[in-house]
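Going by this note's numbering, the sequence shown runs without a break in its numbering and finishes at 116. Just so you know, even glycine gets a beta-carbon here, dropped at the ideal spot from N, CA and C. Predicted model, so just to flag it, every value in this text is computed and none were measured.
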Amino acid sequence: MTPNLNNSENLFVANLQQVSLEKLVKSKLEVLFQQQKEAQVELNGLYNIVLEQVERPLIELALKAYNGNQVKTAIMLGINRNTLKKKIDNYKLKPKKGAQAQISETMTAPTTTLTQ
Numbered sequence: 001m002t003p004n005l006n007n008s009e010n011l012f013v014a015n016l017q018q019v020s021l022e023k024l025v026k027s028k029l030e031v032l033f034q035q036q037k038e039a040q041v042e043l044n045g046l047y048n049i050v051l052e053q054v055e056r057p058l059i060e061l062a063l064k065a066y067n068g069n070q071v072k073t074a075i076m077l078g079i080n081r082n083t084l085k086k087k088i089d090n091y092k093l094k095p096k097k098g099a100q101a102q103i104s105e106t107m108t109a110p111t112t113t114l115t116q
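Structural data, given as structure tokens:
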């Protein structure tokens with residue numbers, strides 16, 4: 001028996017609406033702040049760490065969606081193409097053009113600086 005795609009699609013949309021990206025990020029940050037408090041350490045540069053954790057996969061997936069087309073990707077993201085190019089260079093992404101565009105599997109997490 002094949003699943004009803006309309007029901008599956010509706011369920012996905014309903015779940016997406018219930019769990020927003022903002023709520024996911026907030027819950028992860030709450031855990032991070034609690035761990036930081038318990039360890040009695042200071043986090044330095046957290047803003048840039050969080051920004052990179054969200055921005056890099058966003059750009060990678062957007063590039064994949066548009067088969068590496070930077071102009072279309074920049075328009076979809078609402079940023080200037082030159083800004084996109086700088087971010088691609090900064091994150092050392094290698095957008096692939098054509099039908100075989102793939103996401104690089106070598107995503108690395110930035111290191112956090114903890115001081116006591």
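Leucine 46 sits in a helix when the DSSP states are folded into three classes. Isoleucine 79 carries a coil assignment under DSSP once its states are collapsed to helix, strand and coil. In the three-state reduction of the DSSP assignment, glutamine 35 falls in the helix class.
Non-local C-beta neighbours of leucine 77 in its own chain, meaning closer than 8 Å and more than five positions away in sequence, comprise Leu58, Ile59, Ala62, Leu84, ordered along the chain. Rounded to whole angstroms, glutamine 35 and lysine 97 show a C-alpha spacing of 42 Å.
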